[in-house]
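Please read the structure below before turning to the comments.
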Ligand SMILES: *Cc1c(COP(=O)(O)O)cnc(C)c1O
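Have a look at this one:
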């Protein structure tokens, strides 16, 4: 229906599938929920991706978050090039790690100490282990539709009926693991209260995306997060904010700053590495001092604090700190995109619901408010597929799944957004 020349991508995908499961190293890239062939990227600069067939796309996923100042930014490139000349990894401490930790602790609220890892998954997995070691309790609460990486404790979905226990949502996750993960619906404080009551003095941690981005963008309603803070304090449960997506993206102080709420532990990823594999978890020293070698909770990594990754991350955070206006600029651009989309959707009378905050936005083809995973699932996926492929054929790369937020980057210009809006207008009759 939409014409995209992608012969080379098609060929590369076939070759990839022979040697990589599904042809990709992370499932969403395979276009399974939208169908068709993923485009293979050859290079990127600023706001644009260029594929192997020489198509150009305005990039609204920004590597799923990290590229907040655009691709191949000169300051990041310079930092990486300078470091690379001095070696790529030592497995021995460097001053760079302390510099990076200092800038993180100075920008992130409630983070006295931080440990670097290599991904958001590792950060969340380690934060939960630390919370369990610190509280000497086993259970955790997570919310349906929130993503905290692919470690076993988080690959859990709600059990059937009235059961408060979760069940594995991937083969390979044991029933035993599932028993320690309790599920609640986002924005449903009654369910959280009930869990704290039923499992009194057993809940080590509550982990949440304080502003969610993995069921599309979903915002916490009224005092939901405040109540969660209160419940965690009352029950001596460690409140873990998963800011892998929101950290350094919504503000220098992340969602903690935007919402005005203090977490006990915070996890980071994505923006913090400037496009290199960096994750981090940090928090109050009383808790962080429980980590080995100071404390009993084991956690380690051969490439953790890698000098190239630290250089890229440090350059990124330094740039953001010196250019705080980026957050306002991204917010304005997102609002402009939202208005453009709304005007088209209204005049075409398609059902829709849009959530957005800062540089995150998602369009759901549903007419009910999207406030949790259930309502996010009510979106019409056939509309979404056509929308996605129509935009792609017009040079706009959107997340290839209805459950992902867009991430604007600051290299995107108003004329790029105008092109995006016009493309939508062009294709909407075919949705
Ligand atoms: C992406 C993401 C993760 C996982 O990070 P990876 O680097 O992909 O392992 C965890 N939590 C949230 C909120 C994320 O968006």
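In my numbering, the protein residues as written are 85 to 515.
Where is the CB? At the ideal position from N, CA and C, for every residue including glycine.
Quiz item: Alpha carbon to alpha carbon, what distance is there between residue 308 and residue 272?
Solution: 8 Å
Note to self: Alpha carbons only, please: which of 424, 515, 511 and 491 is nearest the one belonging to residue 143?
What the structure shows: Distances from the alpha-carbon of residue 143 to those of 424, 515, 511 and 491 put 491 closest.
| Would the beta-carbon of residue 285 fall within 8 Å of that of residue 222? | no
Span separating the alpha-carbon of residue 102 from that of residue 346: 48 Å
Under 8 Å between C-beta atoms of residue 216 and residue 288: Contact: yes.
Report task. Measure the CB-CB distance between residue 230 and residue 319 and report whether it falls below 8 Å. Result -> no
Along the chain, which unbroken stretches of the alpha helix (DSSP H) at least 4 residues long are found entirely within the stretch 378-446?
391-406 and 409-432
- Message: Cutting at 6 Å between CB atoms, please list the residues of its own chain near residue 236, excluding the five before and the five after it.
- Response: Within the same chain, Cβ atoms closer than 6 Å to the Cβ of residue 236 are found at 257 and 261, the five residues on either side in sequence being excluded.
Worksheet item: Alpha carbon to alpha carbon, what distance is there between residue 461 and residue 241?
Response: 14 Å
| Is any heavy atom of ligand 1 found at a distance shorter than 7 Å from the C-beta of residue 231? | yes
Any idea if residue 478 is buried or exposed, counting beta-carbon neighbours within 10 angstroms, 16 or more meaning buried?
buried
inquiry  = Taking its Cβ as the centre, do 16 or more other Cβ atoms sit within 10 Å of residue 493, making it buried, or is it exposed?
reply    = buried
Could you give the DSSP three-state label for residue 290: helix, strand or coil? strand
Q | Reduced DSSP secondary structure (H/G/I, E/B, other) of residue 138 | A | If DSSP states are grouped into helix, strand and coil, residue 138 belongs with coil.
query = Would you say the stretch 329-346 touches the stretch 161-175, given that touching needs at least three Cβ pairs under 8 Å?
reply = no
Less than 7 Å separating the Cβ of residue 203 from some heavy atom of ligand 1? With a cutoff of 7 Å, residue 203 counts as near ligand 1, since its C-beta is closer than that to a heavy atom of the ligand.
I'd like the span of the alpha helix (DSSP H) that includes residue 252, first residue to last. Unbroken run through residue 252 is the beta strand (DSSP E), 250-252; no alpha helix (DSSP H).
- Query: Looking at the structure shown, is residue 491 part of a helix, part of a strand, or coil, going by DSSP?
  - Reply: Residue 491: strand per DSSP, three-state reduction.
Practice task
Could you please give me the residues that DSSP links to residue 240 through a beta bridge?
Solution key: 252
Checklist entry - Taking DSSP as the reference, what is the three-state secondary structure of residue 127? => result strand
How should residue 386 be labelled, buried or exposed, when 16 other C-beta atoms within 10 angstroms of its C-beta is the threshold for buried? exposed
Next item on the list: Determine the closest residue to residue 226 out of 106, 266 and 405, with distance taken between C-alpha atoms.
Entry: With distances taken between CA atoms, residue 226 lies nearest to 266 out of 106, 266 and 405.
* Give the secondary structure of residue 133 by DSSP, where H, G and I count as helix, E and B as strand, and everything else as coil. => strand
Check your understanding: For the candidate residues 396, 435, 439 and 444, whose alpha-carbon lies nearest to that of residue 413?
Key -> 444
### Query
To the nearest angstrom, how far is it from the Cα of residue 206 to the Cα of residue 513?
44 Å
Query raised in the report: Using the C-alpha atoms, what's the distance from residue 190 back to residue 394?
Result: 16 Å
Review point. At a cut-off of 7 Å, is residue 208 close to ligand 1 when judged by its beta-carbon and the heavy atoms of the ligand?
Key: yes
Inset, instruction - Check each candidate in 316, 503 and 304 and name the one with the smallest Cα separation from residue 457. - result: It is 304.
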